[in-house]
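Numbered as in this note's numbering, the sequence shown ends at 779 without a single skipped number.
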Amino acid sequence: MQALGIDIGGSGIKAAVVNTTTGSLASERIRIQTPPGAYPEDVRQALAGLLEQLQWSGPLGIAFPAVIEKGIVRTAANIDRSWTGMDVRQFLQIEGRGPVQAVLNDADAAGLALMRHVPEARNCSGTVLVITVGTGLGTALFCGGRLVPNLELGHIEVHGTEAEAWASDAARRREDLSWEKWARRLSSVIETLENLLWPELIILGGGVSKKTGKFAEFLSTRALLIPSPLQNNAGIIGAAEAALTPP
Ligand code: BGC
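Structure (structure tokens):
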């Protein structure tokens, strides 16, 4: 089976057709810039352009960087505030394209794909924590394979600052931090989360997951920590799979 997965992020919108049986990409991955400010109508236009480019009119699922309850956007950390309260699944239906079958939190989408396709996660009987590091700091938590949806742990306070504002990849770029300095911040965030949740496995996803060679030595964790084997495609894959089997 195939579905289109779209991962809308604070900086980029990524899309690919996914073979939902194997969890592999069945088309090339396309990435466009998220329109500045991520205003709803602009994002909708960008999405319409992407679907046009891909000539896709089959089922699609969308990973979205916010709390999503039954299709309704509840938070807006890295997107325009006017998204709050919108029925995003309805709003992002594009005439002649789609249908949009599922919209879910981006970290949840990535986590679901990782739990399905990564043996270390699939075989883990304890708690698995997924942290996606990009413009925001996304989190997804699984216990016995079940997702606790919409967990917003990137917004907890660490050393008196919001974790996301201090240790996301956007913070690294904004403050021009060395990999070491930034990774030590991320390590503090992870330590705080570990002390609260005691995960057995932590998977680090998002854009930085393919650059762990630059900073893994500065992270110290109690749990086993692995970079996402699906790299930054986990959100796309999870979104496409949700389109066919809503979580
Ligand atoms: C949002 C989360 C999202 C994360 C990653 C955070 O700012 O609150 O919902 O999962 O960014 O995009």
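Note that the Cβ used here is the ideal one computed from N, Cα and C, for glycine as well. Here the structure is a predicted model, which means the values were calculated and not measured.
Member of the options whose CA lies at the smallest distance from the CA of residue i
i: V721; options: F747, I768 and V690; result: V690
i: W730; options: D638, L756 and L582; result: L756
i: E684; options: I538, L582 and A608; result: A608
i: G686; options: R678, A672, T744 and P759; result: A672
i: E773; options: V632, I758, T693 and I562; result: V632
i: I604; options: T616, D612 and W588; result: T616
i: D701; options: S741, L679, T667 and G676; result: T667
i: E573; options: Q585, A598, M618 and P681; result: M618
i: I611; options: L762, S710 and A570; result: A570
i: L776; options: G555, R704 and E707; result: G555
i: G676; options: L725, L586, Q622 and R654; result: R654
i: N551; options: Q587, P591, W698 and Q565; result: P591
i: L624; options: G593, H649 and E726; result: G593
i: R503; options: V662, W714 and G542; result: Here the chain covers residues 533 to 779 and nothing more, so residue 503 does not appear.
i: N727; options: R754, P681 and S657; result: R754
i: W698; options: R621, F750 and R716; result: R716
Any non-hydrogen atom of the ligand BGC within 8 Å of residue i CB
i: G590; result: no
i: A639; result: yes
i: P597; result: yes
i: N765; result: no
i: E689; result: no
i: A547; result: no
i: L718; result: no
i: A771; result: no
i: L669; result: yes
i: E601; result: no
Spatial neighbours of residue i in its chain, beta-carbon cut-off 6 Å, leaving aside the 5 residues before and after
i: T664; result: A639, A642, G670, G737 and G738
i: V549; result: Q534, L536, A558 and S559
i: G770; result: A641, A642, L644 and A645
i: I540; result: F596
i: I600; result: V635, L636 and N637
i: R629; result: L583 and S589
i: F674; result: M647 and V660
i: K746; result: W711
i: I688; result: A695
i: E723; result: none
i: P714; result: It should be pointed out that residue 714 corresponds to Trp in this sequence rather than to Pro. R704, listed in sequence order.
Own chain, CB closer than 7 Å to residue i, minus 5 neighbours either side, in chain order
i: S752; result: S719
i: E505; result: It is not possible to answer for residue 505, since the shown part of the chain is limited to 533 through 779.
i: S741; result: P759, S760, Q763 and N764
i: L679; result: D640, G643, L644, A672 and P779
Residue i, enclosing alpha helix (DSSP H) - first and last residue
i: D784; result: Residue 784 falls outside the range modelled here, since the chain spans only 533 to 779, and no answer is possible.
i: A767; result: It should be noted that the sequence gives Gly, not Ala, for residue 767. Where G767 is concerned, the enclosing alpha helix (DSSP H) stretches over A766 to L776.
Residues of its chain near residue i, where Cβ-Cβ distance is below 8 Å and the 5 sequence neighbours each way are ignored
i: K546; result: I538, D539, R561, I562, R563, N764, N765, G767 and I768
i: Q577; result: P567
i: A580; result: I626 and R629
i: T553; result: M533
Range covered by the beta strand (DSSP E) that runs through residue i
i: R754; result: Counting along the chain, R754 falls outside any beta strand (DSSP E), and DSSP gives it neither H nor E.
i: A535; result: Q534 to I540
i: I734; result: L733 to G737
Closer than 8 Å: residue i CB and nearest the ligand FAD heavy atom
i: A578; result: Within the structure as shown, the ligand FAD is missing, the only ligands being the ligand BGC.
key: Every unbroken beta strand (DSSP E) inside the stretch 546-624 [3 residues or more]   = For the stretch 546-624, whole beta strand (DSSP E) runs of length 3 or above, ordered along the chain, are 562-565 and 592-596.
request  = Pick out the complete beta strand (DSSP E) segments inside the stretch 650-676, 3 residues or longer, and give them in chain order.
outcome  = If we require 3 residues or more, the beta strand (DSSP E) runs fully inside the stretch 650-676 come out as 659-665 and 669-675.
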